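In our numbering, the protein residues as written are 1476 to 1836.
Just so you know, even glycine gets a beta-carbon here, dropped at the ideal spot from N, CA and C.
As the structure is a prediction and not an experimental result, all values here were calculated from the model.
Please read the structure below before turning to the comments.
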Ligand SMILES: Nc1ncnc2c1ncn2[C@@H]1O[C@H](COP(=O)(O)OP(=O)(O)OP(=O)(O)O)[C@@H](O)[C@H]1O
Ligand SMILES: [Mg+2]
């Protein structure tokens, strides 16, 4: 009977990885009791937006190939595929470190990072958010944590910084750890050493994703984070203006530089159009069109999302309430969908590198 179930499920493909669930080892612990079949479906991310679809496809396949009267009980589970390789590292309990970047200031990196982190948590993943902007941290305002000081414990030489917990995520801002005056005198190597220290002292615990909100530009902080941290992937943010893409190219060049070589998994175009709240279906292209698509096609990477400009997003951010938590689903859905696409893209990337690692050259 178990063989029949496996045979049936070998006809169901994971839509992203394009292989069947049995080959991918996603079906585990099959139990058959009388008329009832139970098994675990182990997805590549707890934030998989397709879980219901895959589950339904399993039930259909079993009813079709085995017996249409079987009661199918599927336990959803996940094992986030991971981009981590160095298991001795203090950050090894974090499965995926994802930077949200853009060479350009003010395009919405922080908005994307904060809402992505919360959306991934809402989809079921353990998520952390690190604001790496020493000179202009946004996270304390956007999460309503201004002035809050993190708890720090010291045991002998070992310092542990406890991240804030808000809206289902763990969060830490470099701005909360470094005095502004001190940051201003930091230069190249000092930034690098201090950052390394700080980031390794934060007690993130087990995380599926750590999202890093990068500062604008392509400076020392970017080099440090990209070279000295197990950064798994980068999400590039841009606005639709074609004239403002030069900075995005610079940022792409940094991550694609062979010495750094971090995969940019796609582009998020922010402020793509303006939609008045009373008419969310209307689109006004205030800032031109096509920037995100142009970057995506030039670098052959997906356009992961186009986020409209909503007055509420800016207002919410100032009130410390991220847009993904807005009660209007016309607003929040854009961020949830973006997070789903990003989680899928990361799963695809990790699966590809896993195969590459285990395939003899
Ligand atoms: N989709 C949006 N709709 C409305 N307002 C937005 C949207 N995205 C961002 N904003 C607003 O635009 C401003 C800049 O956004 P944000 O701080 O996220 O950009 P940034 O790229 O992180 O900037 P910086 O380079 O300074 O770090 C903020 O006031 C934010 O609330
Ligand atoms: Mg920012």
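Under the three-state DSSP convention, the category residue i falls into
i: residue 1790; result: helix
i: residue 1759; result: strand
i: residue 1802; result: coil
i: residue 1570; result: strand
i: residue 1898; result: Examination of residue 1898 is not possible in this model, given that the chain is present from 1476 through 1836 alone.
i: residue 1749; result: strand
i: residue 1541; result: coil
i: residue 1828; result: helix
i: residue 1774; result: helix
i: residue 1632; result: coil
i: residue 1730; result: helix
i: residue 1476; result: coil
i: residue 1813; result: helix
i: residue 1607; result: coil
i: residue 1577; result: coil
i: residue 1782; result: strand
i: residue 1712; result: strand
i: residue 1741; result: strand
i: residue 1678; result: coil
i: residue 1616; result: helix
i: residue 1621; result: coil
i: residue 1493; result: coil
i: residue 1646; result: strand
i: residue 1653; result: coil
i: residue 1554; result: coil
i: residue 1602; result: strand
Residue environment, residue i, which counts as buried when at least 16 other CB atoms sit within 10 Å
i: residue 1567; result: exposed
i: residue 1477; result: exposed
i: residue 1785; result: buried
i: residue 1760; result: exposed
i: residue 1621; result: exposed
i: residue 1550; result: exposed
i: residue 1493; result: exposed
i: residue 1781; result: buried
i: residue 1651; result: buried
i: residue 1825; result: buried
i: residue 1613; result: buried
i: residue 1732; result: exposed
Of the residues the options, the one placed nearest residue i, counting alpha carbons only
i: residue 1589; options: 1573, 1579, 1578; result: 1573
i: residue 1583; options: 1518, 1810, 1824, 1527; result: 1810
i: residue 1587; options: 1824, 1549, 1789; result: 1789
i: residue 1580; options: 1746, 1722, 1738; result: 1722
i: residue 1738; options: 1571, 1501, 1521; result: 1571
i: residue 1695; options: 1671, 1627, 1709; result: 1671
i: residue 1793; options: 1585, 1507, 1779, 1543; result: 1585
i: residue 1643; options: 1826, 1676, 1796; result: 1796
i: residue 1720; options: 1771, 1640, 1498, 1631; result: 1771
i: residue 1535; options: 1613, 1768, 1482; result: 1482
i: residue 1597; options: 1825, 1826, 1828, 1799; result: 1799
i: residue 1773; options: 1757, 1724, 1733; result: 1724
i: residue 1595; options: 1686, 1733, 1828, 1764; result: 1686
Contact belief for residue i with residue j at Cβ below 8 angstroms, rounded distance in angstroms
i: residue 1693; j: residue 1726; result: 6 angstroms
i: residue 1766; j: residue 1717; result: 6 angstroms
i: residue 1649; j: residue 1609; result: 5 angstroms
i: residue 1805; j: residue 1755; result: 4 angstroms
i: residue 1487; j: residue 1532; result: 5 angstroms
i: residue 1841; j: residue 1690; result: Any answer about residue 1841 is impossible in this case: the structure gives the chain only from 1476 up to 1836.
i: residue 1752; j: residue 1808; result: The pair is not a contact, with the Cβ atoms about 14 angstroms apart (cut-off 8 angstroms).
i: residue 1747; j: residue 1715; result: 6 angstroms
i: residue 1529; j: residue 1514; result: Not confirmed; about 13 angstroms, so no contact.
i: residue 1822; j: residue 1556; result: 6 angstroms
i: residue 1688; j: residue 1607; result: 6 angstroms
Same chain, Cβ closer than 8 angstroms to residue i, neighbours up to 5 away in sequence not counted
i: residue 1545; result: 1510, 1511, 1512, 1537, 1538
i: residue 1779; result: 1710, 1740, 1741, 1742, 1743, 1813, 1816, 1817, 1820
i: residue 1678; result: 1635, 1636, 1637, 1638
i: residue 1599; result: 1521, 1522, 1553
i: residue 1645; result: 1602, 1603, 1604, 1638, 1639, 1679, 1680, 1682
i: residue 1498; result: 1485
i: residue 1641; result: 1618, 1619, 1620
i: residue 1629; result: 1635
i: residue 1496; result: 1484, 1485, 1487, 1488, 1489, 1502, 1516, 1529, 1533
Other residues of its chain near residue i: CB distance less than 6 angstroms, five sequence neighbours each side excluded
i: residue 1682; result: 1569, 1601, 1603
i: residue 1615; result: 1621, 1648
i: residue 1922; result: Given a span of 1476 to 1836 for the chain in the structure shown, any question on residue 1922 remains unanswerable.
i: residue 1709; result: 1574, 1576, 1730, 1737, 1739
i: residue 1627; result: 1636
i: residue 1749; result: 1759, 1761, 1784
Same chain, Cβ closer than 7 angstroms to residue i, neighbours up to 5 away in sequence not counted
i: residue 1554; result: 1517
i: residue 1735; result: 1701, 1702, 1729
i: residue 1768; result: 1778
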